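Mapped onto the working numbering, the consecutive letters of the sequence shown carry residue numbers 5 to 393. Beta carbons: idealized from backbone N, C-alpha and C, even for Gly. Predicted, not measured: the structure shown is a model, and the values here were computed from it. Inspection log for the structure reproduced underneath, given as structure tokens.
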Amino acid sequence: MNIPFLDLKAQYKNIQKEIDKKILDVVKTQRFIMGPEVEALEKEMASYCGSGSAVGVSSGSDALLVSLMALGVGRDDEVITTPFTFFATAGTVARLGAKPVFCDIQRNTFNLDPKKLESLLESQRSKNSQSRIRAIIPVHLYGQCAEMDTLSSLAKDFQLKIIEDAAQAVGAEYSMRGEIKKAGSLGDLGILSFFPSKNLGGYGDGGMVLTDDKELASQIRLLRVHGSENKYHYKFVGGNFRLDSLQAAVLRVKLKYLDGWLEMKKEKASHYKKLFWESGLPQKGLIQCPSAVYRNGKVNHYHTYHQYVIRAQRRDELKKYLKEKGISTAVYYPRPLHLQECFAYLGYREGDFPESEKASSEVLALPVYPELSSKQQEYIVSRVKEFYR
Ligand SMILES: *Cc1c(COP(=O)(O)O)cnc(C)c1O
Numbered sequence: 005m006n007i008p009f010l011d012l013k014a015q016y017k018n019i020q021k022e023i024d025k026k027i028l029d030v031v032k033t034q035r036f037i038m039g040p041e042v043e044a045l046e047k048e049m050a051s052y053c054g055s056g057s058a059v060g061v062s063s064g065s066d067a068l069l070v071s072l073m074a075l076g077v078g079r080d081d082e083v084i085t086t087p088f089t090f091f092a093t094a095g096t097v098a099r100l101g102a103k104p105v106f107c108d109i110q111r112n113t114f115n116l117d118p119k120k121l122e123s124l125l126e127s128q129r130s131k132n133s134q135s136r137i138r139a140i141i142p143v144h145l146y147g148q149c150a151e152m153d154t155l156s157s158l159a160k161d162f163q164l165k166i167i168e169d170a171a172q173a174v175g176a177e178y179s180m181r182g183e184i185k186k187a188g189s190l191g192d193l194g195i196l197s198f199f200p201s202k203n204l205g206g207y208g209d210g211g212m213v214l215t216d217d218k219e220l221a222s223q224i225r226l227l228r229v230h231g232s233e234n235k236y237h238y239k240f241v242g243g244n245f246r247l248d249s250l251q252a253a254v255l256r257v258k259l260k261y262l263d264g265w266l267e268m269k270k271e272k273a274s275h276y277k278k279l280f281w282e283s284g285l286p287q288k289g290l291i292q293c294p295s296a297v298y299r300n301g302k303v304n305h306y307h308t309y310h311q312y313v314i315r316a317q318r319r320d321e322l323k324k325y326l327k328e329k330g331i332s333t334a335v336y337y338p339r340p341l342h343l344q345e346c347f348a349y350l351g352y353r354e355g356d357f358p359e360s361e362k363a364s365s366e367v368l369a370l371p372v373y374p375e376l377s378s379k380q381q382e383y384i385v386s387r388v389k390e391f392y393r
């Protein structure tokens, strides 16, 4: 049996008529940059995420970049984030001349550990009164929110801004002091990515910034078009961070299906959990299923399973074995950011963030998408069981 890691062709097939029509409609207008489709998508996304404003931009990475720019983060400033994330989370900080400061993750969620963050902030405060830390970027890795209530209180105490990296978590819900909110609407700013493989993926690059702060939103709208308020008059130096009409048109079609798809992914996840439990592997400590820690009666999408990530003993051998059996898997991420060559100047060493390092050597993402069949899931789990026999 051949099981691709992600099957976007199958998804397209199911919505082809609608998508094709929308794409042709845009082509007929010959209006490709920004325009009414982008404006409509912004309104729909703001409403879906429960956010005051949404600004469509060129990618998730650029969404991080303009968010940091709008907060005025620059040379010699510091921004805290996790080393166990996609490169852009910290790369954008470095691009602005600021310094990424890493903080380790929790073992069960793979997300920023509030306790470790607190001691990091305390130790910085006691070391120097003139802290240059400006913001925290919690990442909602694999589709589950970080512990946002605790992180928000800490940000408040230390007067820091929060930019949520919700690139993997569109649609994820979190109960913030009793109020159920969506990923991206929990911090001062939130970013989404529409990279094709994300839960809400376009047919190319795209991203979005969410915020309730009107001033930040209008500043980001200017940064997106080179900082110009009136054509050829520039208030500050921005860039070309625009979203295409074609992407917006595709995303507007797909947004209508998003909740249904998330629901189906959740079903796939619980099927995996059941199958793995029956295999006896978790009980023997050979693999570990992902834990959805904010699961409770009121929160529906407590985990959106952007990725279904297990921890596995002898991970690399297992990955190779599954490949031989026709099953494609992926490792997000094989090397934490504090050990990347480009960040050597930051002076971190192996052992600095043991949970991130451990995760890097154990995580394995299995295929999880609405079109994945139960039979395919059963095949995958059987092969994993076979490997450990
Ligand atoms: C995908 C991703 C990004 C960047 O998004 P792009 O649209 O690919 O630029 C940022 N952060 C995380 C955690 C991501 O997974």
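In DSSP terms, what residue i is bridged to
i	result
H237	N234
M38	Paired residues: none, contrary to the question.
A171	Bridge partners of A171: none, in fact.
L45	In DSSP, L45 forms no bridge with anything.
I166	I140
K186	E177
A316	I291
S197	G211
S57	T215
L4	Residue 4 lies beyond the range of the chain shown here (5 to 393); nothing can be said about it.
Cβ neighbour criterion (16 or more within 10 Å) applied to residue i
i	result
T33	exposed
F90	buried
L266	buried
F391	buried
M212	buried
Q251	buried
V31	exposed
D192	buried
H237	exposed
R353	exposed
R79	exposed
R35	exposed
N18	exposed
S127	exposed
Local conformation of residue i per DSSP, three classes
i	result
Y261	helix
T85	strand
K278	helix
N132	coil
R256	helix
Y337	coil
Q251	helix
Q380	helix
A176	coil
Q292	strand
L370	strand
V303	strand
Residue range of the unbroken beta strand (DSSP E) whose run includes residue i
i	result
F106	K103 to F106
T215	G211 to T215
A139	I137 to I141
S63	S63 -> no beta strand (DSSP E), and no H or E assigned at all.
Test: residue i CB closer than 7 Å to a CB of chain B
i	result
P338	Included in the structure is just one protein chain, with no chain B present.
Residue i: first and last residue of the uninterrupted alpha helix (DSSP H) it sits in
i	result
I27	L12 to T33
G95	A92 to R99
T154	M152 to D161
A221	K218 to L227
Closer than 6 Å: residues whose CB approaches a heavy atom of ligand 1: Qualifying residues come out as S63, G64, S65, T89, F90, A92, T93, V143, D169, A171, Q172, S197, F199, D209 and G211.
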